[in-house]
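In terms of this note's numbering, the sequence shown is residues 75 to 637.
Before any comments, here is the structure.
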Amino acid sequence: MTSEQHLAPLRMPDRLFAELAAGGGSAAAVAFLERAERARRLLLLRTLLDHLDTLPTPVTPAAEAWRVLKEAAEKSPEPVERLLLAPATGGWVSHMLRRVHGTASGPPLWAEAGHLSALALSACLHAGTETVLDVPLTSGRLPLPGLGMIQLPAAQEGLAAGRATTAGGELTVTGPGRTTGSVRVTCRPLTRRADADGGTWLPLRTLTHTGPDGTAPATVVLEDLDPYRDLDDHLPPARLDEDEAQEWQRLFGEAARILARPGVPGPGRVDPAMIRAIVPFGRTAVSPPPLPFVQVSASSGDSFGGMLIVRPASALALAETLVHELQHSKLAALLHLFPLLEDDRAERYYAPWRTDPRHLTGLLHGAYAFTGVAGFWRDRLAGAEGTEAVERAAYFFALRRLQSRLAVRTLLTSGSLTVQGRALVRGLARTLDDWLREPVPPAALSRARTAAALHRTEWRLRNVAPPSSGPGGPRFRPDRASWPDVRTHAFAARPVAPRTADEQLAAGDAAAALARYADQLATDPAEPHALAGWIVARAVLDPGRTTRRMLARPELLQPLPSG
């Protein structure tokens, strides 16, 4: 792979765009997106190399490191291709471009530019070529992308320049010692397992899964070492405890089996082999126990196929999140190919899965991701066994299809979609309209509709200031802040012995819920959570014009915010 090679124009076949516009995407569609991301990454890398040409550095200059990497690629193209297309490599390239343009910060620029030498070393080890490169060391640590990390014992603290040599698959790294002289480590990263004491060599962790047809196990990187595994900032390594790594493997294996549903590819159906890397976030040990659902997950358009996830306790929750984040990756790649909308980035739109106003691009990402999530729960409903599993799958399918269709309607009426954007969003609308006609158990459907109404009502109470209409759209409260959305998951199951107002509403006893909400409002008439519940409970009991007006503009029941 070279940055100078001719890049033929990319023309997406109509059938692949149609698959993606419906919210799904076959292996062929995802492979096309990956080819497009490859071309984009090479162009960005060429741009970055131009910026680094004159950078003063105590380590090997970027141009020389790139020459070494290209020579390795000529001898062993496939592993070097995988290395350059890894999510963390995309994160590094984009972060570096932000650095040279002054919109990001981090360690000294020469040290971050020196990461290209680490990429070149990994490439040389795969190709079996010989090289000598001067590299940046951080307290004796040298991350090797796609392989792991070497650690020099008793090395000098902080940032320093070291020397790395490869020959016949063997790597030798030398750097300044903590007190005097130098320290040195030699290892074979392609074949050596982790040191028993976790000392000089930490190999890359991977998650394995076997396809439904019994094919050989495939691997997904479990990235806890690479400094560019985060969505933007340079990040120190956060090595998982062995027990935590094993728990990731157990959950991922179960999640992969959940996703291994035969049939035509469609929204919510993901082959785990499409995932390139998972970055465990916020936890390095099994204690304290995690929540059953995913608390935080994220992905970046710079890191196709990569996703950052706080490990949940449930394989079902992990499988849902894998679908969600891969949807974001697909849409980000489409946005790199097509201008889908004209976005002034003003955060003024309601997103049914967020507590804050969103801009149009964020709304489009949410609509695309949650269409995939709705498809995931549709498949779970089709295969559910037992009342509890059926009710849960039905609830989330009903909720996510309703919320996604609401966001799609906002996008279609925004007047900001391009020709390609309108085609994409109309494809989502067709998928969701078909799903909205599918029967769902009545109790689960009722809870989903109630939860959706509660979220929108509370969102407006907390974000929108009265009066909220006018040529400029809604006027937002100056005192708005993030708030806990506790109802989305709480309404997933029907409470057996309801005690609180929310539980009574979820159980279908709107009258009892209304009375409890009224008691709470007697103390604080404008409290958003209780007021949202009171409005929705009243609408359930009396779905007339007055309550429809309250649901449409609940903020009219609150006093004007101060400030």
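From the three backbone atoms N, C-alpha and C, an ideal C-beta is built for every residue, glycine too.
Keep in mind the model is a prediction, meaning the values are calculated, not measured.
- Relative to Y591, the option among R612, T253, A571, A581 whose CA is nearest is R612.
- If only complete runs of 3 or more residues are kept, the stretch 325 to 400 shows the beta strand (DSSP E) at 351 to 354, 380 to 383, in order along the chain.
- In the three-state reduction of the DSSP assignment, L207 falls in the strand class.
- When rounded, the separation of the alpha-carbon atoms in T484 and T265 is 54 angstroms.
- Secondary structure at H283: strand, using DSSP grouped into helix, strand and coil.
- Apart from sequence neighbours up to five positions away, the residues of its chain that approach G607 with a beta-carbon distance below 7 angstroms are L528, A575, D576, L579, A587, Y591, ordered along the chain.
- Judged by beta-carbon spacing, S196 lies within the 7 angstroms limit of P219, meaning their Cβ atoms are closer than that value.
- Contact between the stretch 557 to 576 and the stretch 523 to 539 is established, with three or more Cβ pairs separated by less than 8 angstroms.
- Counting C-beta pairs with one atom in each stretch, the stretch 228 to 244 and the stretch 201 to 217 have three or more that are closer than 8 angstroms, which means they touch.
- Per the DSSP secondary-structure output, V295 pairs in a beta bridge with T280, A351.
- Restricting attention to L158, E532, P346, the CA atom closest to the CA of S100 is found in P346.
- Taken atom to atom, the span from the alpha-carbon of E108 to that of F378 is near 8 angstroms.
- Cβ-Cβ separation between L158 and R115: approximately 7 angstroms, consistent with a contact (criterion under 8 angstroms).
- In the DSSP annotation of this structure, the continuous segment of the alpha helix (DSSP H) that includes V610 starts and ends at 602 to 615.
- Remark: fewer than three beta-carbon pairs, one from each stretch, lie closer than 8 angstroms, so the stretch 85 to 99 and the stretch 163 to 178 are not flagged as touching.
- When E204, M86, P182 are compared, the shortest CA-CA separation from V142 is found for E204.
- When only Cα atoms are considered, L455 and A468 end up about 6 angstroms apart.
- Counting other Cβ atoms within 10 Å of its Cβ, A393 reaches 16 or more and is therefore classed as buried.
- Within the stretch 151 to 209, the complete alpha helix (DSSP H) segments at least 4 residues long are 151 to 158, 161 to 174, 183 to 187, 189 to 201, listed from N- to C-terminus.
- Closest in alpha carbon position to P364, among G375, V353, I383, is I383.
- With contacts defined as CB atoms closer than 7 angstroms, L595 and A604 qualify as a contacting pair.
- In the DSSP assignment, P516 falls within the unbroken alpha helix (DSSP H) covering 516 to 537.
- DSSP places T505 inside the alpha helix (DSSP H), whose first and last residues are 493 to 510.
- Beta-bridge pairing by DSSP links L233 to T212.
- Under a 10 Å Cβ-count criterion, V482 is classified as buried, with 16 or more other Cβ atoms of the shown protein chains found around its own Cβ.
- For E244, the secondary structure class from DSSP, reduced to helix, strand or coil, is strand.
- Non-local beta-carbon contacts of S556 in its own chain, meaning distances under 7 angstroms to residues more than five positions away in sequence, involve T429, D430 in chain order.
- For the pair P182 and L123, the Cα-to-Cα distance works out to about 17 angstroms.
- If you look at M223, you'll find it in the beta strand (DSSP E) that goes 222 to 225.
- The straight-line gap separating the alpha-carbon atoms of L199 and D306 is approximately 27 angstroms.
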